[in-house]
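Below: one structure, written as structure tokens.
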Amino acid sequence: MTNFSNRVTKLFGIEYPIIQAGMIWASGWRLASAVSNAGGLGIIGSGSMYPDVLREHIQKCKAATTKPFGVNVPLLYPDIDKHIDIIIEEGVKIVFTSAGNPKTWTGILKEKGITVVHVVSSSKFALKSEEVGCDAVVAEGFEAGGHNGREETTTMVLIPAVVDAVKIPVIAAGGIATGRQMLAAMVLGAEGVQMGSRFVASEEASSHINFKNLVTHSAEGDTQLTLKQLTPVRMMKNEFFQQVQQAELRGATKEELAALLGRARAKKGMFEGNLAEGELEIGQVSSLLKNILPASVIVKTVWDEFMSGLANPLKNL
Ligand code: NDP
Numbered sequence: 013m014t015n016f017s018n019r020v021t022k023l024f025g026i027e028y029p030i031i032q033a034g035m036i037w038a039s040g041w042r043l044a045s046a047v048s049n050a051g052g053l054g055i056i057g058s059g060s061m062y063p064d065v066l067r068e069h070i071q072k073c074k075a076a077t078t079k080p081f082g083v084n085v086p087l088l089y090p091d092i093d094k095h096i097d098i099i100i101e102e103g104v105k106i107v108f109t110s111a112g113n114p115k116t117w118t119g120i121l122k123e124k125g126i127t128v129v130h131v132v133s134s135s136k137f138a139l140k141s142e143e144v145g146c147d148a149v150v151a152e153g154f155e156a157g158g159h160n161g162r163e164e165t166t167t168m169v170l171i172p173a174v175v176d177a178v179k180i181p182v183i184a185a186g187g188i189a190t191g192r193q194m195l196a197a198m199v200l201g202a203e204g205v206q207m208g209s210r211f212v213a214s215e216e217a218s219s220h221i222n223f224k225n226l227v228t229h230s231a232e233g234d235t236q237l238t239l240k241q242l243t244p245v246r247m248m249k250n251e252f253f254q255q256v257q258q259a260e261l262r263g264a265t266k267e268e269l270a271a272l273l274g275r276a277r278a279k280k281g282m283f284e285g286n287l288a289e290g291e292l293e294i295g296q297v298s299s300l301l302k303n304i305l306p307a308s309v310i311v312k313t314v315w316d317e318f319m320s321g322l323a324n325p326l327k328n329l
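Structure representation (structure tokens):
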């Protein structure tokens with residue numbers, strides 16, 4: 013048991029301020045409960061779950077851990093009302109919202125006693141989240157995988173800007189997978205970190221083994237932010253990505269790009285393991301990942317490296 017305590021550990025009732033991002037097709041109850049049991053905060057990614065599937069994952073997570081866990085709700089989700097009802101009915105205590113306006117749901121969730129955190133990519137949206145009553149924000153920089161901000165603000169620039177803009181705790185995300193990176197984010201004023209890519213390459217992630225292997229064998233420069241005319245997404249530069257690039261070079265319209273994207277591309281790539289035709293959402297930090305590890309080992313390794321860095325910050329760990 014560590015004696016570390018700050019606003020983020022107190023807000024969620026967790027041991028380490030290490031949060032696993034809610035990710036479509038990767039973070040079900042198995043990963044979320046493993047992270048929570050290891051002392052971090054596990055999050056079920058509801059964006060790829062039909063409502064009855066989400067209920068099942070929440071119930072299995074409750075059975076697998078007595079520790080706090082949360083649910084991530086992308087606000088673009090088509091059946092969001094149903095997801096919110098299930099979250100309330102099942103007594104989920106922590107919700108991370110993303111990809112939308114925090115005004116719509118924060119008040120309703122807070123009335124039910126739920127802790128609400130919104131994911132932002134700018135100081136402007138961090139302030140808005142604070143105004144509507146969010147308990148904390150995740151400030152996610154340009155390095156992050158999946159949905160991303162249009163302004164391309166990097167974590168290095170975003171974190172101090174958001175920390176100065178709001179009074180609520182700031183959790184840093186985007187490009188963080190190691191204790192050294194966590195230490196850097198905390199020095200910039202963050203009080204916790206959220207990691208996605210690191211947990212995609214975990215044993216408990218529900219992502220396809222082909223995708224996990226690709227992630228742990230990727231190199232610097234293998235990901236890029238694209239589809240800016242639709243919703244900007246960072247993904248692996250695979251064949252599908254090249255098709256998007258070529259379409260954009262030809263001057264494809266928004267409608268043409270939407271048709272090229274089609275439906276369930278993300279599922280095809282990340283869940284079914286079709287590495288050529290699928291959409292493979294992952295962050296820049298994937299190039300630093302070399303192994304698929306149990307979630308508990310990830311939490312412990314990041315924490316131990318953070319603590320030794322804190323004791324001797326200028327030593328090359
Ligand atoms: P698509 O429209 O291409 O496909 C929808 C996918 O979501 C399908 O694979 C479908 O599964 C599944 N799904 C789950 N519940 C529903 C539902 N109620 N209605 C329709 N489909 C459903 O979307 P994407 O796969 O690109 O994105 C899905 C969701 O994830 C969106 O809400 C999006 O906002 C969110 N998202 C979040 C990201 C993040 O960073 N947090 C990143 C990318 C997307 P099936 O194939 O089994 O029918």
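Taking our numbering, the leading residue of the sequence shown gets 13, the next gets one more, and so forth. Even for Gly, the Cβ is constructed at its ideal location relative to N, Cα and C.
| Asked | Found |
| --- | --- |
| Distance cut-off 8 Å: V245 Cβ against heavy atoms of the ligand NDP | yes |
| V149 versus K72, V178, G191 and L239, residue with shortest Cα-Cα distance | V178 |
| Integer Cβ distance of S141 from E163, believed to fall under 8 Å | Their Cβ separation, rounded to whole angstroms, is 16 Å, which puts S141 and E163 out of contact at 8 Å. |
| Neighbour-count burial assignment, L121, 16 or more Cβ in a 10 Å radius | buried |
| T14 versus T21 - alpha carbon distance | 11 Å |
| N113: CB within 8 Å of a non-hydrogen atom of the ligand NDP | no |
| Below-9 Å beta-carbon distance, W41 vs any chain D residue | The question asks about chain D, but that chain is absent: this structure has only one protein chain. |
| Beta-carbon contacts of I171 that lie in its chain and below 7 Å, excluding the five residues immediately before and after | A151, V182, A184, A197, L200, G201 and A202 |
| Residues near R19 by beta carbon distance below 7 Å, same chain, minus five either side | P181 and E203 |
| Rounded straight-line distance, which links the Cα of G157 to that of K327 | 29 Å |
| Beta-carbon contacts of P306 that lie in its chain and below 8 Å, excluding the five residues immediately before and after | A46, S214, E215 and E216 |
| Which residues DSSP lists as bridging H130, in chain order | T109 and V149 |
| Supposed close pair L292, M247 - CB separation, criterion 8 Å | 5 Å |
| Whole beta strand (DSSP E) elements within the segment 182-266, 3-residue minimum | 182-185, 204-207, 235-238 and 245-248 |
| Reduced DSSP secondary structure (H/G/I, E/B, other) of V47 | helix |
| Bridge-paired residues (DSSP) for F81 | G54 |
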